[in-house]
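Trainee: Quick one: the structure is below, and I'll ask about it shortly.
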Amino acid sequence: MSQQNLWKDKNGGRPRRGQLVLGELPAGLHLSVPEAQALHKALEARLGAVVLVLTDNRRRMVSARRMGTRIELRAHHMFVGCEAEVIDALARLALRAEGLNEARATIRDYISRNRDTIRFEVDEDQLQARGRVHDLQAMLDRWRARFPVEELADIVITWGRYGRGRRSIRFGSFDFDRRMIRIHPVLDQAWVPDYFVEFVVYHELLHALFPPRQTATRRVVHTPRFREMEARFPRYAEAMAWEQHNLPRLLDR
Ligand SMILES: [Zn+2]
Numbered sequence: 185m186s187q188q189n190l191w192k193d194k195n196g197g198r199p200r201r202g203q204l205v206l207g208e209l210p211a212g213l214h215l216s217v218p219e220a221q222a223l224h225k226a227l228e229a230r231l232g233a234v235v236l237v238l239t240d241n242r243r244r245m246v247s248a249r250r251m252g253t254r255i256e257l258r259a260h261h262m263f264v265g266c267e268a269e270v271i272d273a274l275a276r277l278a279l280r281a282e283g284l285n286e287a288r289a290t291i292r293d294y295i296s297r298n299r300d301t302i303r304f305e306v307d308e309d310q311l312q313a314r315g316r317v318h319d320l321q322a323m324l325d326r327w328r329a330r331f332p333v334e335e336l337a338d339i340v341i342t343w344g345r346y347g348r349g350r351r352s353i354r355f356g357s358f359d360f361d362r363r364m365i366r367i368h369p370v371l372d373q374a375w376v377p378d379y380f381v382e383f384v385v386y387h388e389l390l391h392a393l394f395p396p397r398q399t400a401t402r403r404v405v406h407t408p409r410f411r412e413m414e415a416r417f418p419r420y421a422e423a424m425a426w427e428q429h430n431l432p433r434l435l436d437r
């Protein structure tokens with residue numbers, strides 16, 4: 185997914201070209217595209233043409249470099265929805281402008297205030313499989329009965345923690361090391377149909393059955409075989425349509 189902007193410079197009438205790149209975000213991450221576009225626009229108001237690449241990289245939250253007449257800014261998706269002060273700091277960082285240390289401090293502060301929004305880890309002793317509405321353990325057990333294979337025997341499942349983030353959401357994740365499936369608690373609501381939660385659980389289970397493949401250039405998480413199996417979910421089309429229709433409501437939690 186990527187979005188392109190083409191417009192005329194107000195002063196010179198010279199076309200400039202910036203771009204918002206969402207293609208590096210993991211497939212399971214959903215974010216508010218209008219808010220991502222708003223961030224891109226605000227940065228371009230300060231910097232001119234910007235290629236804004238949103239990433240899921242927690243080790244390198246922000247980096248910037250000049251590429252000819254454009255600036256490439258790579259930023260963690262947690263910056264979508266940040267306040268004007270933080271946008272200014274990002275711009276100063278990109279320009280290596282005056283007040284660089286202050287800018288860095290503002291960004292560090294923003295990251296530490298918002299760390300919760302990108303983490304929904306749960307400790308082993310805090311597993312919470314039974315939600316208020318949906319019972320994840322029952323779902324996991326049903327899938328295991330259908331696929332009685334070793335790869336699924338040791339898997340645990342839990343509802344994740346409620347992050348404060350509002351701009352992006354990951355419905356589920358599979359932790360390969362801990363053999364743990366986490367499901368986002370926003371799905372534990374009566375208006376979220378059982379089959380949709382079931383589908384997210386099924387998707388994460390497939391990760392245990394079909395581990396990522398490393399090619400020469402990249403790591404393929406959702407292999408063709410994975411996608412094929414995913415599409416065999418009994419109510420696949422319905423689940424896809426439900427997600428598309430209800431994503432705004434889920435993001436606006
Ligand atoms: Zn996945």
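Going from the sequence shown to my numbering is simple: count from 1 and add 184.
Built from N, CA and C at the ideal position, the CB exists for glycine as well.
Quick caveat, the model's predicted, so the values are computed rather than measured.
Indicate whether the contact test is met: 3 or more Cβ pairs, each with one atom in the segment 243 to 259 and one in the segment 268 to 284, closer than 8 Å.
Mentor: yes
Trainee: Tell me which same chain residues have a C-beta within less than 8 Å of the C-beta of Asn241, skipping the five on either side of it?
Mentor: Hits under 8 Å: Arg258, His260.
Trainee: My understanding is that Thr342 touches Leu311, with C-beta atoms under 8 Å, so please give their C-beta distance in whole angstroms.
Mentor: With a Cβ gap of about 4 Å, Thr342 and Leu311 count as contacting.
Trainee: Around the C-beta of Gly265, are 16 or more other C-beta atoms found within 10 angstroms, so that it is buried, or is it exposed?
Mentor: buried
Trainee: Measure the alpha-carbon distance for Phe410 versus Leu227 and round it to whole angstroms.
Mentor: One C-alpha to the other measures close to 38 Å.
Trainee: Would you mind stating whether Arg316 and Leu213 have Cβ atoms separated by less than 8 Å?
Mentor: no
Trainee: Nearest to Glu208 by alpha carbon, out of Leu236, Arg201, Leu231, Ala222?
Mentor: Leu236
Trainee: As a quick exercise: from Leu215, Pro432, Asp319, pick the residue whose alpha carbon is nearest that of Ala148.
Mentor: This structure leaves residue 148 out entirely; the chain is present only between 185 and 437.
Trainee: Is His429 near ligand 1 - that is, is its Cβ less than 7 Å away from at least one heavy atom of it?
Mentor: no
Trainee: Leaving out the 5 sequence neighbours to the left and right, which residues in its chain are closer than 6 Å to Ile365 when beta-carbon positions are compared?
Mentor: Ile341, Phe358, Glu388
Trainee: DSSP three-state label for Thr239, please.
Mentor: In this structure, Thr239 counts as strand in the three-state DSSP scheme.
Trainee: Mind checking who Gly356 pairs with in its DSSP beta bridge?
Mentor: Ile367
Trainee: Give every residue of the same chain whose Cβ lies closer than 8 Å to the Cβ of Val405, excluding the five residues on either side of it in the sequence, and list them in chain order.
Mentor: Pro210, Ala211, His391, Pro396
Trainee: What three-state label does DSSP hand Ala440 in the structure shown?
Mentor: An answer regarding residue 440 cannot be provided, because it is not within the stretch 185 to 437 covered by the chain.
Trainee: For Ser352 and His368, what's the separation of their Cα atoms in angstroms?
Mentor: Between Ser352 and His368, the C-alpha separation is close to 11 Å.
Trainee: Looking only at its chain, what residues have a beta carbon closer than 6 Å to the beta carbon of Arg403, apart from the 5 residues adjacent to it on each side?
Mentor: Pro396
Trainee: May I ask you to list the residues that DSSP assigns as paired with Glu256?
Mentor: The partner list for Glu256 (beta bridge, DSSP) reads Val235, Arg249.
Trainee: Just to confirm, does His387 get its C-beta within under 7 Å of one of the non-hydrogen atoms of ligand 1?
Mentor: yes
Trainee: Kindly list the residues whose CB is nearer than 6 Å to the CB of Val381, restricted to its own chain and excluding five residues on each side of it in sequence; keep chain order.
Mentor: His318, Leu371
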